[in-house]
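Residue numbers (the numbering used here): 106 to 267. Take a look at the structure set out below.
The structure is reproduced here in structure tokens:
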């Protein structure tokens with residue numbers, strides 16, 4: 106099962122309504138809203154046939170479902186902006202972790218392929234893949250590989266095995 110299908114299964118199991126909409130007016134690619142336990146995700150219709158972008162945006166909106174509490178749609182002060190940025194970052198972190206496991210990264214590294222191909226195999230963009238490594242690097246300096254070597258994460262965007 107591909108990752109987009111897993112995301113749609115999760116949307117269904119969480120009883121979240123999903124639809125495509127014209128979000129150009131709000132300058133967003135995706136929106137998540139929950140009121141009284143009723144969750145809704147809207148994705149801009151321009152992503153309907155862009156599987157990678159749809160996967161990334163849907164995962165990030167699901168990240169809001171699992172990590173965001175409260176309404177942060179009104180940004181009136183600098184403090185509001187900081188809080189909003191933190192919430193967006195937390196949802197993105199959830200999305201990268203859901204779509205790309207540490208084990209998957211380790212297995213791909215063992216195949217000795219380029220980062221672009223790793224991203225492609227993970228069904229995400231290179232930027233999203235590198236963001237997953239960035240989040241990992243904030244927790245760990247390296248990942249242990251099954252052959253005893255290490256994937257070094259301290260010099261991103263450059264990563265290497267030693």
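By construction, the Cβ of each residue, glycine as well, lies at the ideal position given by its N, Cα and C atoms. Keep in mind that this is a model prediction, so the values were computed, not measured.
Query                                                                                                             : Result
Pick from 131, 238, 253, 249 that is closest to residue 260, judged by C-alpha positions                          : 238
Proximity below 7 angstroms, CB of residue 266 to CB of residue 256                                               : yes
As assigned by DSSP and simplified to three states, the class of residue 136                                      : strand
Bridge partner(s) assigned by DSSP for residue 122                                                                : 145
Extent of the continuous alpha helix (DSSP H) to which residue 258 belongs                                        : Looking at the DSSP string, residue 258 is not in any alpha helix (DSSP H), and its letter there is neither H nor E.
Start-to-end residues for the beta strand (DSSP E) that takes in residue 247                                      : 247-249
Under the three-state DSSP convention, the category residue 162 falls into                                        : helix
Alpha helix (DSSP H) segments (min. 4 residues) lying fully within the segment 160-240                            : 183-204, 207-215, 220-226
Within 7 angstroms, strictly: CB atoms of residue 165 and residue 197                                             : yes
Neighbourhood of residue 149 by C-beta, 6 angstroms cutoff - its chain only, sequence neighbours within 5 removed : 128, 134
Residues that DSSP places opposite residue 265 in a beta bridge                                                   : 257
The segment 184-196 touching the segment 215-222, judged by at least three CB pairs closer than 8 angstroms       : no
Backbone secondary structure at residue 115 - three-state DSSP                                                    : helix
Residue from 154, 208, 230, 159 whose Cα sits closest to the Cα of residue 136                                    : 159
Euclidean distance between Cα positions of residue 281 and residue 185                                            : The displayed coordinates of the chain run from 106 to 267. Any statement about residue 281 would go beyond what the structure contains.
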